[in-house]
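Novice: Got a structure for you, written out below as structure tokens; questions coming shortly.
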Amino acid sequence: MSRQHLGSIALVAVIAMATGFVLAGQIKAQLLTSSNQVARYQALVRSVQDLEATNAGDRRQIASLRAQIDALESEAAARSAATQALQNQVTDLRAHAGLIAMHGPGVQVELRNGVPGPDAGSQAGYLVNFQDVQDLVNLLFAQGAEGIAVSGRRITPLTAFSGSAGQVIIDQGPPLSSPITLLAVGDRNRMQATLEDPSALPDIRARQVQFQLHLTYQGSADLSLPAYDSSLEIPHVSPL
Amino acid sequence: MSALSKRPSRGGSTGRSRSRARGASVWLIAFLVALVATIQIRSQAEVERSLVGVDTASLAFLIDDLHRANDALDAEKSDLAQRQATLQSGSSGAADQVLTEEANRLRALEGLVPVHGPGIVIVIDATGLTALDLQDALNNLAAGGAEAIDVNNRRVITGIPVEQTRNGVSIDGVVVTPPWTISVIGDANRLAEVAGLMSQQLHADRRVREATYRVEADVVITSVVSQRPFVYALQS
Chain A
1 MSRQHLGSIA
11 LVAVIAMATG
21 FVLAGQIKAQ
31 LLTSSNQVAR
41 YQALVRSVQD
51 LEATNAGDRR
61 QIASLRAQID
71 ALESEAAARS
81 AATQALQNQV
91 TDLRAHAGLI
101 AMHGPGVQVE
111 LRNGVPGPDA
121 GSQAGYLVNF
131 QDVQDLVNLL
141 FAQGAEGIAV
151 SGRRITPLTA
161 FSGSAGQVII
171 DQGPPLSSPI
181 TLLAVGDRNR
191 MQATLEDPSA
201 LPDIRARQVQ
211 FQLHLTYQGS
221 ADLSLPAYDS
231 SLEIPHVSPL
Chain B
241 MSALSKRPSR
251 GGSTGRSRSR
261 ARGASVWLIA
271 FLVALVATIQ
281 IRSQAEVERS
291 LVGVDTASLA
301 FLIDDLHRAN
311 DALDAEKSDL
321 AQRQATLQSG
331 SSGAADQVLT
341 EEANRLRALE
351 GLVPVHGPGI
361 VIVIDATGLT
371 ALDLQDALNN
381 LAAGGAEAID
391 VNNRRVITGI
401 PVEQTRNGVS
411 IDGVVVTPPW
421 TISVIGDANR
431 LAEVAGLMSQ
441 QLHADRRVRE
451 ATYRVEADVV
461 ITSVVSQRPF
471 VYALQS
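Chain order of the listed sequences is A and B. Counting in our numbering, the first sequence runs from 1 upward without gaps. Counting in our numbering, the second sequence runs from 241 upward without gaps.
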């Protein structure tokens, strides 16, 4: 048997072995993703991206329309004392509904994903979820917050939190994910004291230990909150 | 001589053919290895790039949520455009009309006035449920389209403190003892779906003795919250 022949056999053996390893690894890791599956994922992701772009455009238009309406109301108020009185009332109501940007002393809180645990059953515990944000917002309102914004989304009297797998959806906004920043304007000392209380936010505290979930906060002399830029429609409610 | 010369010649030709065949099979196998490896790497890269940890079901739910959200934004845009047109008409009293309607709407959504409308009434009788349980229930209803909520004659909006006290769960400083009657105004069909799921979960909870809901054509909520003046916040 010639040296060249032996070399060819060895080469074939090495390549066959490599093929075997690749195939075995593929089957073991179940990573044989069919092109159809990938295409389906991509189509879904594209739909989400398109809808998010529409969402952002709609919110910009809503903010612009509200500013134009405000200007028209101010023009009318300048011509009538009665209209001026009405506008003052509405301005106050809008401020409490989160429809007007505000600023003042407060706290800035940051929530960041932790590290996945070895136990597959608790794999989502390291992710910031909507309940974390909901708990923080409730706590801060209970402890003197007068206005809150979560990663640029203003909280209103009708705000609802939802989401899954590390995504936080607030009202009609697109999903937010870690890091999540909460700005709360109000009684800064009270809010800071409650955030320092180890008995507050028990679920987040437990996951700080288990998954190194990050919760950091600091007081500030002046924080700015944006105005709410989504829908506040209540079509089913009528005053008595 | 010619025969002798032919034999080696024939043998050389066969050897070269075998050698070419071996070479071809080596290249074929190498090609297949490269192909499999490329497909593998590209598949992984595609999945990682497009999914970033979100499964198909979550994406589908997200699409559903975004459709609903964008519909709500469209409705808000139409309403605002109509208000703008009324104000631009310059007709006598147009601004007063727009401002009065806006004030009434905001008072209703901020819980400052009694309200009514279609919705559901949920009754939960349980021992040991906490403020977090009630907060979760209220958030589920808000996410399901609740526009006004009352628990045991206490009006609830986002921002009203729902806290755990020694005597039980309090809403805005007043303890609400079970059974909790939660009256909700909003899209009755959506709210009924949410209430159905909540009832199922509550029935599986040992602390819960009763969890029922009913759909009503006209739910009346007379409780109101008091508006707190801002002490720290200033308008920008």
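Glycine included, every Cβ here is placed at the ideal spot set by N, Cα and C. These numbers come from a predicted model, not from an experiment.
Whose CA, out of A:D187, A:L72, A:V168, A:V185, lies closest to the CA of S178 of chain A?
Specialist: For S178 of chain A, the nearest C-alpha among the options comes from A:V168.
Novice: So the candidates are A:D135, A:V90, A:S47; which of them puts its Cα closest to the Cα of L215 of chain A?
Specialist: Comparing Cα-Cα distances from L215 of chain A to each of A:D135, A:V90, A:S47, the minimum goes to A:D135.
Novice: Beta-carbon of L374 of chain B versus every beta-carbon of chain A: anything under 8 Å?
Specialist: For L374 of chain B, the answer is no, since every Cβ of chain A falls outside 8 Å of its Cβ.
Novice: Less than 8 Å between CB atoms is the rule here; does L313 of chain B satisfy it with respect to chain E?
Specialist: Among the chains of the structure shown, chain E does not appear; the protein chains present are A and B.
Novice: So, at 6 Å on beta carbons, what are the nonlocal neighbours of A99 of chain A in its own chain, with the 5 sequence-adjacent residues on each side left out?
Specialist: Rather than Ala, the amino acid found at residue 99 of chain A in this sequence is Leu. Only A227, Y228 meet the Cβ criterion.
Novice: So G104 of chain A contacts chain B; which residues on that side make the cut at Cβ distance below 7 Å?
Specialist: Chain B residues near G104 of chain A: Y472, A473, L474.
Novice: To be precise: take each residue of the segment 182-214 of chain A, compare its Cβ to all Cβ atoms of chain B, and keep it if any distance is under 8 Å. Which residues remain?
Specialist: Listed by position, the residues of the segment 182-214 of chain A near chain B (Cβ gap below 8 Å) are V185, G186, D187, R188.
Novice: When we look at the beta-carbon of G263 of chain B and count the other beta-carbons within 10 Å, is it buried (16 or more) or exposed?
Specialist: Result: exposed.
Novice: Quick check on E288 of chain B: buried or exposed, where buried means 16 or more other Cβ atoms within 10 Å of its Cβ?
Specialist: In this prediction, E288 of chain B has a pLDDT of 46, which is less than 50 and means its spatial position is unreliable; nothing more can be read from the coordinates.
Novice: Mind checking if E456 of chain B is an interface residue toward chain A, Cβ cutoff 8 Å exclusive?
Specialist: E456 of chain B does not count as touching chain A.
Novice: At a Cβ threshold of 8 Å, is E342 of chain B touching chain A?
Specialist: Cβ-Cβ to chain A under 8 Å: yes for E342 of chain B.
Novice: For H103 of chain A versus L225 of chain A, is the C-beta distance shorter than 8 Å?
Specialist: Result yes, Cβ atoms of H103 of chain A and L225 of chain A sit closer than 8 Å.
Novice: Can you tell me the Cβ-Cβ gap for L313 of chain B and L232 of chain A, rounded? I've got them flagged as a contact below 8 Å.
Specialist: Not really, about 11 Å apart at Cβ, beyond 8 Å.
Novice: Would you list, in chain order, the members of the segment 138-157 of chain A that have their beta-carbon closer than 7 Å to a beta-carbon of chain B?
Specialist: Within the segment 138-157 of chain A, the residues whose Cβ lies closer than 7 Å to some Cβ of chain B are N138, F141, A142, E146, G147, I155, T156, P157, listed in chain order.
Novice: Would A43 of chain A and V273 of chain B be called neighbours here (beta carbons separated by less than 8 Å)?
Specialist: No; because the gap between Cβ atoms is not below 8 Å, this pair is not in contact.
Novice: Taking 8 Å as the cut-off, decide whether the C-beta atoms of V415 of chain B and N407 of chain B are in contact.
Specialist: Yes.
Novice: Quick check: what's the CA-CA separation for G351 of chain B versus I397 of chain B?
Specialist: Between G351 of chain B and I397 of chain B, the C-alpha separation is close to 7 Å.
Novice: Is there a Cβ of chain B sitting closer than 8 Å to that of D70 of chain A, yes or no?
Specialist: Closer than 8 Å: no.
Novice: Can you check which of these residues, A:R112, A:S199, A:V133, A:Q172, is closest to F211 of chain A by C-alpha distance?
Specialist: Minimum Cα distance to F211 of chain A is reached at A:R112.
Novice: Can you have a look at I9 of chain A and say buried or exposed, based on whether 16 or more other CB atoms are within 10 angstroms of its CB?
Specialist: Classification for I9 of chain A: exposed.
Novice: Cβ of Y41 of chain A less than 8 Å from any chain B Cβ?
Specialist: Judged by the 8 Å Cβ criterion, Y41 of chain A is in contact with chain B.
Novice: Once the 5 residues before and after L176 of chain A are set aside, which same chain residues still bring their CB inside 6 Å of it?
Specialist: Cβ neighbours of L176 of chain A beyond the five flanking positions: S151, V168.
Novice: Which residues, in order along the segment 434-462 of chain B, keep a beta-carbon less than 9 Å from a beta-carbon of chain A?
Specialist: Listed by position along the chain: V460, I461, T462.
Novice: For Q108 of chain A, which residues does DSSP report across the bridge?
Specialist: For Q108 of chain A, which the question treats as bridged, DSSP gives the partners A:L183, A:Q218.
Novice: Leaving out five residues on either side along the sequence, give the residues of the same chain with a beta carbon under 6 Å from the beta carbon of V12 of chain A.
Specialist: If we look at V12 of chain A and ignore the five residues flanking it on each side, it has no Cβ neighbours.
Novice: Run down chain A in chain order and give the residues with a C-beta less than 9 Å from the C-beta of I303 of chain B.
Specialist: By Cβ distance, chain A contributes L44, S47, V48, L51.
Novice: Would you tell me roughly how many angstroms separate the C-alpha atoms of V266 of chain B and H5 of chain A, rounded to the nearest one?
Specialist: So the alpha carbons of these two residues sit roughly 12 Å apart.
Novice: Could you please tell me which residues of the segment 360-384 of chain B, in chain order, have their CB closer than 7 Å to any CB of chain A?
Specialist: Within the segment 360-384 of chain B, the qualifying residues are Q375, N379, A382, A383.
Novice: In chain order, what residues of the segment 163-183 of chain A put their CB closer than 8 Å to some CB of chain B?
Specialist: Going along the segment 163-183 of chain A in chain order, one finds S164, A165, G166, Q167, I169, D171, Q172, G173, P174, P175 with a Cβ nearer than 8 Å to chain B.
Novice: Does the Cβ of L437 of chain B have 16 or more other Cβ atoms within 10 Å, making it buried, or fewer, making it exposed?
Specialist: Under this definition L437 of chain B is an exposed residue.
Novice: Which residues mark the beginning and the end of the alpha helix (DSSP H) in which Y41 of chain A is found?
Specialist: Counting along the chain, the alpha helix (DSSP H) containing Y41 of chain A begins and ends at 35-77.
Novice: Return the first residue and the last residue of the beta strand (DSSP E) that G436 of chain B is part of.
Specialist: Here G436 of chain B belongs to no beta strand (DSSP E); instead the alpha helix (DSSP H) covers 428-443.
Novice: Determine the burial state of V424 of chain B: buried for a count of at least 16 other Cβ atoms within 10 Å of its Cβ, exposed for fewer.
Specialist: By the 10 Å Cβ count, V424 of chain B comes out buried.
Novice: So, does the CB of R112 of chain A fall closer than 8 Å to a CB anywhere in chain B?
Specialist: It does not: the Cβ of R112 of chain A has no partner Cβ on chain B nearer than 8 Å.
Novice: Going along chain A, which residues have a C-beta under 9 Å from I422 of chain B?
Specialist: Chain A residues near I422 of chain B: none, gap ~15 Å exceeds 9 Å.
Novice: Would you mind giving the Cβ-Cβ distance between G163 of chain A and N138 of chain A, rounded to the nearest angstrom? I have them listed as a contact below 8 Å.
Specialist: Contact doesn't hold; Cβ gap of about 16 Å is too wide.
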